[in-house]
DNA sequence: CTATCAGTACCGACTGTTTGGTACAATATA
DNA sequence: TATATTGTACCAAACAGTCGGTACTGATAG
């Protein structure tokens with residue numbers, strides 16, 4: 132494949148990512164992709180065998196991008212800073228998009244989990260890795276005494292991922308980013324990060 | 132519309148509810164409904180103006196059923212019993228269905244929120260009422276001293292709803308009901324209900 | 001320099017099927 | 001008979017995907 136072909140392929144993939152994100156897999160027609168990317172049908176099928184294959188590549192690339200996002204957002208001196216930064220990055224992302232499309236993994240999980248095992252596995256791996264990253268942060272926090280020792284980091288990490296996905300879902304249903312914001316605030320409060328107004332649930336300091 | 136007609140209509144609605152639940156709105160074709168219910172096309176359109184109208188009625192009835200479920204499951208002598216019973220009922224429901232279709236409101240929220248304002252409003256009202264019911268339980272619990280006074284019942288209620296929806300999502304992605312179960316266990320632990328193994332987060336009794 | 005050529009990129013008409021929806025005749029029931 | 005109910009044939013549009021072909025490109029040979 133030559134440079135020009137690669138660029139065209141990338142253009143399709145970029146457009147497809149956005150449309151699949153916004154409209155879901157079933158909700159996106161090949162015609163939608165043609166309209167959005169300007170790449171004609173014959174050419175599109177020159178680069179991709181099927182809509183399903185294209186969806187899979189969109190999904191795996193989105194996963195890779197998300198892993199990068201995880202690394203970048205879980206930064207900070209102390210574990211609590213890392214979590215706080217993570218939450219802020221998530222909120223910023225969804226507010227920036229005005230909640231449009233929400234989380235592509237959450238969407239596809241609900242749309243495709245019962246219909247496409249390959250898709251489901253990719254999405255599953257996203258949540259596994261997300262949880263693992265957060266669990267590591269929590270373990271460090273527990274070792275350093277920043278968070279109560281009697282907490283199960285695995286369970287807490289899963290709890291965080293679930294609440295974030297649920298918060299996005301609620302925010303989309305209400306068309307109000309505050310729903311997500313306040314879910315994140317409660318999570319932060321749970322671990323004694325910032326937003327003390329919500330109540331402190333972490334290490335009992337008072 | 133006579134008795135027989137009403138019965139036919141109900142049969143369509145029942146079948147449509149199950150298929151919309153399992154496959155989503157876009158993922159369900161009229162042909163699917165005909166195959167499932169045995170009601171022929173002309174007859175189907177005798178009772179419903181369009182697929183969208185049918186989806187709306189499915190959704191509003193599901194909402195009414197869910198409100199009944201809320202009442203029935205939030206039963207118990209003490210607030211903590213009510214919440215525990217609620218969580219158990221949710222888990223039992225999804226385990227009984229083997230996670231098939233998950234939560235019809237969560238699914239439709241992600242699928243349709245950006246596409247159909249009417250649907251979104253119905254779903255939104257579900258989450259609002261769900262949150263309200265739980266908030267009332269929490270307020271009672273706070274008044275009775277069962278739960279710490281410094282907690283914001285509104286924020287906590289939203290947190291619970293979000294985590295339940297997120298837990299269902301994770302469980303479907305992993306095909307493992309344990310993901311939901313453990314999210315519910317953490318929530319229970321938060322309010323000092325049962326499952327102490329997860330850690331007690333509620334009123335500090337020890 | 002330039003004719004040839006293989007491989008890549010690209011195009012739009014076409015296929016068979018499925019879509020949501022309609023028209024209307026046939027049948028059942030009051 | 002009159003009306004409610006049901007079944008079948010049908011429709012245009014949309015669907016994912018195919019096909020035969022053209023246009024371009026860079027390398028090679030004369």
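Residue numbers (the numbering used here), protein chains in the order written: chain Y, 132 to 337; chain P, 132 to 337.
Glycine included, C-beta positions come from ideal geometry on N, C-alpha and C.
Remember, it's a predicted structure, so these values are computed and weren't measured experimentally.
Are the CB atoms of residue j and residue i within a distance shorter than 9 Å?
{"i": "residue 246(P)", "j": "residue 310(Y)", "result": "no"}
{"i": "residue 320(Y)", "j": "residue 292(P)", "result": "no"}
{"i": "residue 322(P)", "j": "residue 220(P)", "result": "no"}
{"i": "residue 253(Y)", "j": "residue 300(Y)", "result": "no"}
{"i": "residue 231(Y)", "j": "residue 153(Y)", "result": "yes"}
{"i": "residue 307(P)", "j": "residue 241(Y)", "result": "no"}
{"i": "residue 302(Y)", "j": "residue 207(Y)", "result": "no"}
{"i": "residue 265(P)", "j": "residue 214(P)", "result": "yes"}
{"i": "residue 420(P)", "j": "residue 168(P)", "result": "Since the first residue of chain P shown is 132 and the last is 337, residue 420(P) is not available in this structure."}
{"i": "residue 315(P)", "j": "residue 218(P)", "result": "yes"}
{"i": "residue 200(Y)", "j": "residue 224(Y)", "result": "yes"}
{"i": "residue 151(Y)", "j": "residue 159(Y)", "result": "yes"}
{"i": "residue 244(P)", "j": "residue 304(Y)", "result": "yes"}
{"i": "residue 185(Y)", "j": "residue 205(Y)", "result": "no"}
To the nearest angstrom, report how far apart residue i and residue j are at their CA atoms.
{"i": "residue 171(P)", "j": "residue 157(P)", "result": "20 Å"}
{"i": "residue 137(P)", "j": "residue 229(P)", "result": "31 Å"}
{"i": "residue 269(P)", "j": "residue 283(P)", "result": "9 Å"}
{"i": "residue 295(P)", "j": "residue 256(P)", "result": "17 Å"}
{"i": "residue 287(Y)", "j": "residue 166(P)", "result": "44 Å"}
{"i": "residue 258(P)", "j": "residue 275(Y)", "result": "38 Å"}
{"i": "residue 324(P)", "j": "residue 262(Y)", "result": "25 Å"}
{"i": "residue 146(Y)", "j": "residue 191(Y)", "result": "15 Å"}
{"i": "residue 181(Y)", "j": "residue 174(Y)", "result": "12 Å"}
{"i": "residue 209(P)", "j": "residue 317(P)", "result": "19 Å"}
{"i": "residue 335(Y)", "j": "residue 280(Y)", "result": "In this predicted model, residue 335(Y) has a pLDDT of only 40, less than 50, meaning its place in the structure is not dependable enough to derive any value."}
{"i": "residue 132(Y)", "j": "residue 183(Y)", "result": "21 Å"}
{"i": "residue 195(Y)", "j": "residue 227(P)", "result": "35 Å"}
Could you confirm whether any beta carbon from chain Y is found closer than 9 Å to the beta carbon of residue i?
{"i": "residue 244(P)", "result": "yes"}
{"i": "residue 276(P)", "result": "no"}
{"i": "residue 163(P)", "result": "no"}
{"i": "residue 121(P)", "result": "Any question about residue 121(P) goes unanswered here, given that chain P covers just 132 to 337."}
{"i": "residue 237(P)", "result": "yes"}
{"i": "residue 286(P)", "result": "yes"}
{"i": "residue 146(P)", "result": "no"}
With a threshold of 9 Å between beta-carbons, can residue i be considered close to chain P, or not?
{"i": "residue 290(Y)", "result": "yes"}
{"i": "residue 329(Y)", "result": "Residue placement at residue 329(Y) is flagged as unreliable, the pLDDT there being 38, under the threshold of 50; a coordinate-derived value is accordingly withheld."}
{"i": "residue 218(Y)", "result": "no"}
{"i": "residue 155(Y)", "result": "yes"}
Using a Cβ-based criterion (distance less than 8 Å to any ligand heavy atom), does residue i qualify as near the ligand MG?
{"i": "residue 160(P)", "result": "Because no ligand of any kind appears in the structure shown, any question about the ligand MG cannot be addressed here."}
- Any residues in the region 239-270 of chain P with a beta carbon nearer than 7 Å to a beta carbon of chain Y? Which ones, in chain order? Flagged, chain order: 240, 241, 242, 244, 245, 251, 254, 255, 258.
- Message: Short of 7 Å Cβ to Cβ, which residues in the region 186-199 of chain Y face chain P?
- Response: Cβ contacts with chain P: none found.
- Query: Along the region 294-305 of chain P, what residues have a CB closer than 8 Å to any CB found in chain Y?
  - Reply: Look at the region 294-305 of chain P: the residues with a C-beta under 8 Å from a C-beta of chain Y are 294, 295, 296, 297, 298, 300, 301, 303, 304, 305.
- Task: Taking a Cβ distance cut-off of 9 Å, strictly less, list which residues of the region 221-233 of chain P are near chain Y, in chain order.
- Result: Cβ contacts with chain Y come from 230, 231, 232, 233.
- Task: Below 8 Å between beta carbons is the criterion; list the residues of the region 306-317 of chain Y that meet it against any residue of chain P, in chain order.
- Result: For the region 306-317 of chain Y, the residues whose beta carbon sits under 8 Å from a beta carbon of chain P are, in order, 306, 310, 313, 314, 316, 317.
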